[in-house]
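Okay, so here's the structure we're looking at.
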Amino acid sequence: MKKNRVIVIFYIIAFLEMIGANLAHPITPTLIKNYNLPDYFFGVCFAGMAFTNFLFSPFWGKIGGRIGSYKVLFIGCLGYSVGQAMFAVFRSQEAILFARCFSGFFVSGISVCTLTYLVNQSKGESVGKNLALFASLTTIASALGFLIGGFLGEWSLFGTFMVQVAVLAGSGVLFRFLLLNDAETKTLSESNLTTKQIIKQSNPFQAFIDGKVLLQGKTSLIFGATLASFIASVEYDQCFNYYIKDQFGFSSAYNGLLKAMVAIISLVVNMTICIYIMKRFSIKKASVVVLACCSVNMLAIVLAGNIKSFLAVNIFYFALNAIFVPLLQALMAEFTPRYGSSMVMGFYNAVKSMGMVLGALLAGFAYEVTAKLPFVLSTVIFALGSILMFCNLQKKS
Numbered sequence: 029m030k031k032n033r034v035i036v037i038f039y040i041i042a043f044l045e046m047i048g049a050n051l052a053h054p055i056t057p058t059l060i061k062n063y064n065l066p067d068y069f070f071g072v073c074f075a076g077m078a079f080t081n082f083l084f085s086p087f088w089g090k091i092g093g094r095i096g097s098y099k100v101l102f103i104g105c106l107g108y109s110v111g112q113a114m115f116a117v118f119r120s121q122e123a124i125l126f127a128r129c130f131s132g133f134f135v136s137g138i139s140v141c142t143l144t145y146l147v148n149q150s151k152g153e154s155v156g157k158n159l160a161l162f163a164s165l166t167t168i169a170s171a172l173g174f175l176i177g178g179f180l181g182e183w184s185l186f187g188t189f190m191v192q193v194a195v196l197a198g199s200g201v202l203f204r205f206l207l208l209n210d211a212e213t214k215t216l217s218e219s220n221l222t223t224k225q226i227i228k229q230s231n232p233f234q235a236f237i238d239g240k241v242l243l244q245g246k247t248s249l250i251f252g253a254t255l256a257s258f259i260a261s262v263e264y265d266q267c268f269n270y271y272i273k274d275q276f277g278f279s280s281a282y283n284g285l286l287k288a289m290v291a292i293i294s295l296v297v298n299m300t301i302c303i304y305i306m307k308r309f310s311i312k313k314a315s316v317v318v319l320a321c322c323s324v325n326m327l328a329i330v331l332a333g334n335i336k337s338f339l340a341v342n343i344f345y346f347a348l349n350a351i352f353v354p355l356l357q358a359l360m361a362e363f364t365p366r367y368g369s370s371m372v373m374g375f376y377n378a379v380k381s382m383g384m385v386l387g388a389l390l391a392g393f394a395y396e397v398t399a400k401l402p403f404v405l406s407t408v409i410f411a412l413g414s415i416l417m418f419c420n421l422q423k424k425s
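Right under this line is the structure:
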């Protein structure tokens, strides 16, 4: 089978899997309210899944090198479907948290090996193009998943989960039997690792250990700003989904429609304004301004007095969010010639994962105090990120 055809098949299956992965997101706030779970639990759920995702990503990377990424995708999709089935039937906080952590374990395999498989099957210069196309497909699939899941949730919460379970399991089977074995593209030393060696080399905190050289001088300020940005962004995102259900009584269908609209806005902004900024302006200076705008926008969200004004300022934030993440990634790329891409991107992903866990926990427990406190904290943390980036501009090497 020609590699171009394999990549097309991979895109189709991955698109289906990503739709399935997002089906339950718009109904999760409704689920938490229906089960009379505490408000902070939405943050704890996401943090649990994000933590196991981070913890086991190196493990799945090594396993993929040994048995092939396509087999890990099969295992990951089946495991994720089981985790979501448990999420659908469990009722207690402890059981649901276990289900989310269980899902995160397998989601990490999917996250790592989708990119690995695509890179393994791409030829030279086509790698960048294929990854860019995959990023766009991810945005579109996420929007469709939210939209479909929102309307399915109006029909049945349990039914939505069962559709998700079927789509995820089906995607896993398709990955397993329609994709080529990519294990042969790995090095011999990588594919012949023993189980003991895999476990030893799968330390999830190794990226922090290896990346300590990046926490010196000016680069430490950039990574500090990156951590602050992801904490604030994830805190906002987790709070927003729950806020519009808890405070405004939005149904899962409205939640799905809103998130679909957000995805479209993000895609358009990413492909126009963001590219224009990166071509015309200093990325560091642009990052200072964009993060400061995020902080001001968060303050506007706090001060919004009705639904219309609240949604209006949030839409503006979605556009800003679509800009600052690619800017941070572009900044990371500037460090790769000096420190190496593996170290820089590994450390960046570790910092991002830490931000996801801390942001989700902060959102949940701050919301328990008062509904708008997470937005207040995001205002402060985005401002801190902007200040750190500004200090980086002023400081000499």
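Using our numbering, you'd call the opening residue of the sequence shown number 29 and step up by one each time. All C-beta atoms, glycine included, are put in the ideal place defined by N, C-alpha and C. Fair warning: this is a prediction, and the values are worked out from it, not measured in the lab.
Here the segment 123–136 makes no contact with the segment 168–178; the two share fewer than three CB pairs at distances below 8 Å. The DSSP assignment places 97–117 as complete runs of the alpha helix (DSSP H) inside the segment 70–118, in order along the chain (cut-off: 4 residues).
Closest in C-alpha terms to Phe189, from the list Tyr39, Thr247, Arg119, Phe115, comes Phe115.
One Cα belongs to Leu243, the other to Phe130, and the distance between them is close to 33 Å. In the DSSP annotation of this structure, Lys400 is not part of any alpha helix (DSSP H), being labelled neither H nor E.
For Asp210, there is no enclosing alpha helix (DSSP H), as DSSP marks it with neither H nor E. Burial is judged here by how many other beta carbons sit within 10 angstroms of a residue's own beta carbon; Val296 has fewer than 16 and is exposed. Collapsing the DSSP output to three states places Gly177 in a helix. 9 Å or more divides the Cβ of Pro354 from the Cβ of Met289. Assignment of Ser131 by DSSP, reduced to helix, strand and coil, places it in the helix class.
Taken atom to atom, the span from the alpha-carbon of Gly284 to that of Gly277 is near 14 Å. Measuring C-alpha to C-alpha distances from Gly200 to each of Thr167, Val110, Gly181, Ile259 identifies Val110 as the nearest. By the Cβ neighbour-count rule, Leu331 is exposed, with fewer than 16 other Cβ atoms within 10 Å of its own. Classified as exposed, Gln275 has fewer than 16 neighbouring CB atoms from the shown chains inside 10 Å of its CB. For Val290, the enclosing alpha helix (DSSP H) begins and ends at 280–299.
Only residues of its own chain outside the window of five on either side were considered, and among them Ala399 have a CB closer than 7 Å to the CB of Tyr271, listed in chain order.
Straight across, the Cα-Cα distance linking Asn231 with Gly333 is about 47 Å. In the three-state DSSP reduction, Phe189 falls in the helix class (H, G or I).
Sixteen is the threshold: since fewer than 16 other Cβ atoms of the shown chains lie within 10 Å of the Cβ of Gln422, the residue is exposed. In this structure the segment 77–86 lies against the segment 132–143, because at least three pairs of beta carbons, one per stretch, are closer than 8 Å. By the neighbour-count criterion, in which a residue is buried when 16 or more other Cβ atoms sit within 10 angstroms of its Cβ, Arg128 is buried.
Across the structure, Gly48 and Asn148 are spaced so that their CA atoms are roughly 24 Å apart.
In the three-state scheme derived from DSSP, where H, G and I count as helix and E and B as strand, Tyr63 is classed as coil. A straight-line Cα-Cα distance of about 14 Å links Ser164 and Ile351. Judged by DSSP secondary structure, Phe258 falls within the alpha helix (DSSP H) whose first and last residues are 246–274. Excluding its 5 nearest sequence neighbours in each direction, Leu348 has C-beta neighbours in its own chain below 8 Å: Val318, Cys321, Cys322, Asn325, listed in chain order.
CA-to-CA, the gap between Phe102 and Gly89 works out to about 14 Å.
For Met382, the closest C-alpha among the options Cys302, Glu263, Cys419, Lys312 is that of Glu263. Rounded to the nearest whole angstrom, the C-alpha separation of Asp210 and Lys99 is 9 Å. Only buried fits Lys380, as 16 or more other CB atoms lie within 10 angstroms of its CB.
With respect to Leu196, Gln266 sits apart: the two C-beta atoms are not nearer than 9 Å. For Leu51, the three-state secondary structure derived from DSSP is coil. Between Gly387 and the set Phe418, Ser279, Thr254, the nearest pair of CA atoms involves Thr254. When C-alpha distances from Tyr145 are compared across Gly198, Asp67, Phe38, Ser257, the shortest belongs to Phe38.
Annotation: Ile293 to Phe346 spans about 7 Å, alpha carbon to alpha carbon.
In this model, Val397 and Leu405 are separated by some 12 Å (Cα to Cα).
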